[in-house]
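Asks:
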Amino acid sequence: MKIPFNEDLRPDTGLYNAKLGIWLFLASEVMLFGGLFSAYIMLRLSDPNWANYGQSALNVPLATLNTAILITSSITMVMSWVSLKLNDIKKYSFYMGLTLLCSFGFLIIKYFEYSAKFEHGLYPSTNNFLAIYFTITGLHGLHIIGGIFVNGYFFGPGKKMWSSEPQRFTNRIEVAGLYWHFVDLVWIFVFPTLYLL
Amino acid sequence: MSNDMKHHIVIYRNVFIGLLICTGLTVGVSYIEFSFVWVGVAVGLAIAFLKGYLVAANFMHLNDEKPLIYLTLVLTIMFFMVLFFMPTMWHGNSLTSPSNIPMQNGEVLKEMDSHEHGNNHHGDH
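Going down the list, the sequences are from chains Z and X. Note that this note's numbering numbers the first sequence so that position 189 is 189, with each residue one more than the last. All you need for this note's numbering is the position in the second sequence, starting with 1, plus 197.
#1: Is X:M202 close to chain Z? Criterion is C-beta to C-beta, closer than 7 Å.
#2: Could you give the first and the last residue of the continuous alpha helix (DSSP H) run that contains Z:R10?
#3: Between Z:S93, Z:F37, Z:P157 and Z:N87, which lies nearest to Z:S137 when the distance is taken from Cα to Cα?
#4: So, does the CB of X:S227 fall closer than 7 Å to a CB anywhere in chain Z?
#5: Go ahead and pull the three-state DSSP assignment for X:D229.
#6: Under the assumption that X:V207 contacts X:F256 (Cβ atoms under 8 Å), give the Cβ distance between them as a whole number of angstroms.
#7: Compute the distance between the beta-carbons of Z:T72 and Z:N151, then report whether it is under 7 Å.
#8: In chain order, what residues of the same chain lie with their CB nearer than 6 Å to the CB of X:N239, ignoring the 5 residues before and after it?
#9: X:F231 and X:G237 look like a contact to me (Cβ under 8 Å); what is the Cβ gap, rounded to whole Å?
#10: Residues in the same chain with beta-carbon distance under 6 Å from Z:I69, minus the five sequence neighbours each way, listed in chain order, please.
#11: If X:G241 and Z:L43 are in contact, beta carbons under 8 Å, what's the gap, nearest whole angstrom?
#12: Around the Cβ of Z:I257, are there at least 16 other Cβ atoms within 10 angstroms (buried) or fewer (exposed)?
#13: Give the DSSP-derived three-state secondary structure of Z:M96 in the structure shown.
#14: Terminal residues of the continuous alpha helix (DSSP H) containing Z:P124?
#15: When the Cα atoms are used, what is the spatial distance from Z:T13 to X:L265?
#16: Sorted by chain position, which residues of the same chain lie with C-beta nearer than 7 Å to Z:E113's C-beta, five sequence neighbours on each side aside?
#17: Since X:F256 meets chain Z, which of its residues come closer than 7 Å, beta carbon to beta carbon?
#18: Shorter than 7 Å from the beta carbon of Z:G27 to some beta carbon of chain X?
#19: Tell me the DSSP secondary structure of Z:E113 in three-state form.
#20: Would you please state the rounded distance, in angstroms, between the beta carbons of Z:Y53 and Z:N127? I believe it to be under 8 Å.
#21: Do you know offhand how far Z:K110's Cα is from X:N260's?
#22: Is Z:E29 helix, strand or coil when you go by DSSP?
#23: Using the Cα positions of X:V234 and X:S227, report the straight-line distance between them to the nearest angstrom.
#24: Please go through the same chain and pick out, in chain order, the residues whose beta-carbon is closer than 8 Å to the beta-carbon of Z:V190, but skip the five residues on each side of it.
#25: Hey, Z:W81 and Z:G177: beta-carbon distance below 7 Å or not?
#26: Out of Z:P11, Z:L65 and Z:M79, state which residue places its alpha-carbon closest to the alpha-carbon of X:H204.
#27: Against chain X, with Cβ distances strictly below 7 Å, would Z:W201 count as a contact?
#28: Given a threshold of 16 other Cβ atoms within 10 Å of its Cβ, counted over all protein chains shown, does X:V271 qualify as buried or as exposed?
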């Protein structure tokens with residue numbers, strides 16, 4: 001049995017089902033990260049020792065590089081969708097491959113950042129700032145890993161759908177792209193909040 | 198290549214360049230010492246919101262989306278605002294009480310607590 005409205009738009013919503021589904025999921029993600037940002041503000045405003053927790057010791061150049069990498073991955077992701085719209089599966093693979101490379105690059109840089117903290121004896125239990133820093137960036141990192149699994153599937157075995165149901169596959173990439181841009185969006189706020197302000 | 202897609206690609210490229218410039222600005226602004234701390238925070242967050250808008254409006258296609266998506270997002274923002282501001286405006290909360298502030302190594306700030314209650318430790322818990 002074919003699942004309805006995978007390709008066609010529902011008359012009542014004007015959307016295909018997966019698109020409404022991903023936006024509802026992203027709405028719940030806004031609440032998840034919103035709660036953590038709220039906790040960050042509460043801790044920062046109420047802890048009299050906040051200034052001594054070494055926020056300025058974070059590696060800003062590495063985080064800036066990571067920001068540039070995520071922004072690059074966002075445009076390669078959207079270009080992979082554009083390539084499918086233009087019926088160019090080779091270009092799709094090229095751009096999706098670049099997106100995956102950027103994702104791994106982000107995680108590798110994050111690994112070096114975390115390693116430097118641990119080498120200096122800085123753990124989530126050390127102080128309030130590091131607790132919220134590791135929680136937010138760790139959760140964000142998990143989202144990157146989730147995105148790698150999804151995009152990796154569409155880069156590899158999931159791509160065969162293109163030959164049988166091209167429109168459905170294009171929609172899948174659009175939905176995966178919405179998730180990926182959201183992960184980029186979260187980092188856009190994490191970067192100045194934790195590293196710069 | 199259709200003209201419509203060409204137009205989209207140009208927009209995506211310009212947004213990408215704009216995002217990189219804004220990232221540089223965010224870092225640059227953080228090194229400026231403003232007269233008031235809140236000015237630096239406001240400028241930093243304003244740039245972040247601009248970047249967020251560029252991503253959401255263009256890469257996530259929110260500048261041309263169906264009404265149901267906008268409705269979902271408006272509801273999300275409403276709940277987000279409640280989540281975000283309720284703890285800070287809730288007068289009856291105990292978060293501002295120094296005894297509840299977690300300090301280093303999992304300890305809590307007990308000095309001010311004992312100061313408030315004198316030397317009567319029996320009434321602390």
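Backbone N, C-alpha and C define an ideal beta-carbon position, used for all residues, glycine too.
Replies: Let's see:
#1: As a working note, residue 202 of chain X is residue 5 in the second sequence. Interface residue (Cβ-Cβ distance to chain Z less than 7 Å): X:M202 is classified as such.
#2: The residue you call residue 10 of chain Z lines up with position 10 of the first sequence. It is not in any alpha helix (DSSP H) - Z:R10 carries neither H nor E in the DSSP assignment.
#3: Numbered from 1 along the first sequence, position 137 holds the residue referred to as residue 137 of chain Z. At residue 137 of chain Z the sequence reads Thr, which differs from the Ser that was named. Closest by alpha carbon: Z:F37.
#4: Translated into positions along the second sequence, residue 227 of chain X becomes position 30. Chain Z, which has a Cβ nearer than 7 Å to the Cβ of X:S227, makes this yes.
#5: In the second sequence, residue 229 of chain X corresponds to position 32, counting from 1. Per the sequence shown, residue 229 of chain X should be read as Ile rather than Asp. Coil, per DSSP.
#6: On the second sequence, residue 207 of chain X is found 10 positions in, with the first residue counted as 1. On the second sequence, residue 256 of chain X is found 59 positions in, with the first residue counted as 1. Rounded, the Cβ-Cβ distance is 14 Å, inconsistent with contact.
#7: Reading the first sequence from its first residue, position 72 is the one you call residue 72 of chain Z. Reading the first sequence from its first residue, position 151 is the one you call residue 151 of chain Z. Cβ atoms of Z:T72 and Z:N151: not closer than 7 Å.
#8: Stepping through the second sequence from its first residue, residue 239 of chain X is reached at position 42. In the sequence as presented, Asn is not what sits at residue 239 of chain X; that position holds Ala. Nothing meets the Cβ criterion.
#9: Taking the second sequence and counting its residues from 1, one reaches residue 231 of chain X at position 34. Taking the second sequence and counting its residues from 1, one reaches residue 237 of chain X at position 40. Contact holds; Cβ gap of about 4 Å.
#10: Numbered from its first residue, the first sequence carries residue 69 of chain Z at position 69. Within the same chain, Cβ atoms closer than 6 Å to the Cβ of Z:I69 are found at C102, G105 and F106, the five residues on either side in sequence being excluded.
#11: The residue you call residue 241 of chain X lines up with position 44 of the second sequence. The residue you call residue 43 of chain Z lines up with position 43 of the first sequence. Rounded, the Cβ-Cβ distance is 18 Å, inconsistent with contact.
#12: For residue 257 of chain Z there is no data in the structure shown, the boundaries of chain Z being 1 and 197.
#13: Taking the first sequence and counting its residues from 1, the one referred to as residue 96 of chain Z is at position 96. Residue state, collapsed to three classes: helix.
#14: Translated into positions along the first sequence, residue 124 of chain Z becomes position 124. Where Z:P124 is concerned, there is no enclosing alpha helix (DSSP H), given that its DSSP letter is neither H nor E.
#15: Within the first sequence, the letter at position 13 stands for residue 13 of chain Z. Within the second sequence, the letter at position 68 stands for residue 265 of chain X. When the Cα atoms are used, Z:T13 and X:L265 turn out to be separated by approximately 7 Å.
#16: For this step, residue 113 of chain Z is matched to residue 113 along the first sequence. So the qualifying residues of the chain are N59 and L62.
#17: Numbered from its first residue, the second sequence carries residue 256 of chain X at position 59. Neighbours of X:F256 on chain Z, chain order: S74, V78 and H181.
#18: Here residue 27 of chain Z refers to the residue found at position 27 when the first sequence is read from its first residue. The identity of residue 27 of chain Z in the sequence shown is Ala, whereas the question assumes Gly. It does; some Cβ of chain X falls within 7 Å.
#19: The count along the first sequence starts at 1 and reaches residue 113 of chain Z at position 113. Residue state, collapsed to three classes: helix.
#20: Numbered from 1 along the first sequence, position 53 holds the residue referred to as residue 53 of chain Z. Numbered from 1 along the first sequence, position 127 holds the residue referred to as residue 127 of chain Z. That belief holds up - the Cβ atoms of Z:Y53 and Z:N127 are roughly 5 Å apart, short of 8 Å.
#21: In the first sequence, the residue the question calls residue 110 of chain Z occupies position 110. In the second sequence, the residue the question calls residue 260 of chain X occupies position 63. The alpha-carbon atoms of Z:K110 and X:N260 are separated by roughly 32 Å.
#22: The residue labelled residue 29 of chain Z in the question sits at position 29 within the first sequence. The answer is helix: DSSP assigns Z:E29 an H, G or I state.
#23: Here residue 234 of chain X is taken as the residue at index 37 of the second sequence, counted from 1. Here residue 227 of chain X is taken as the residue at index 30 of the second sequence, counted from 1. The straight-line gap from Cα to Cα measures roughly 11 Å.
#24: On the first sequence, residue 190 of chain Z is found 190 positions in, with the first residue counted as 1. The residues are I136, T137 and H140.
#25: Here residue 81 of chain Z is taken as the residue at index 81 of the first sequence, counted from 1. Here residue 177 of chain Z is taken as the residue at index 177 of the first sequence, counted from 1. Contact: yes.
#26: Sequence index remark: in the second sequence, residue 204 of chain X carries index 7 (1-based). The shortest Cα separation from X:H204 among Z:P11, Z:L65 and Z:M79 belongs to Z:M79.
#27: Within the shown structure, residues of chain Z are numbered from 1 to 197, placing residue 201 of chain Z beyond reach of any answer.
#28: Mapped onto the second sequence, residue 271 of chain X falls at position 74. Label assigned to X:V271: exposed.
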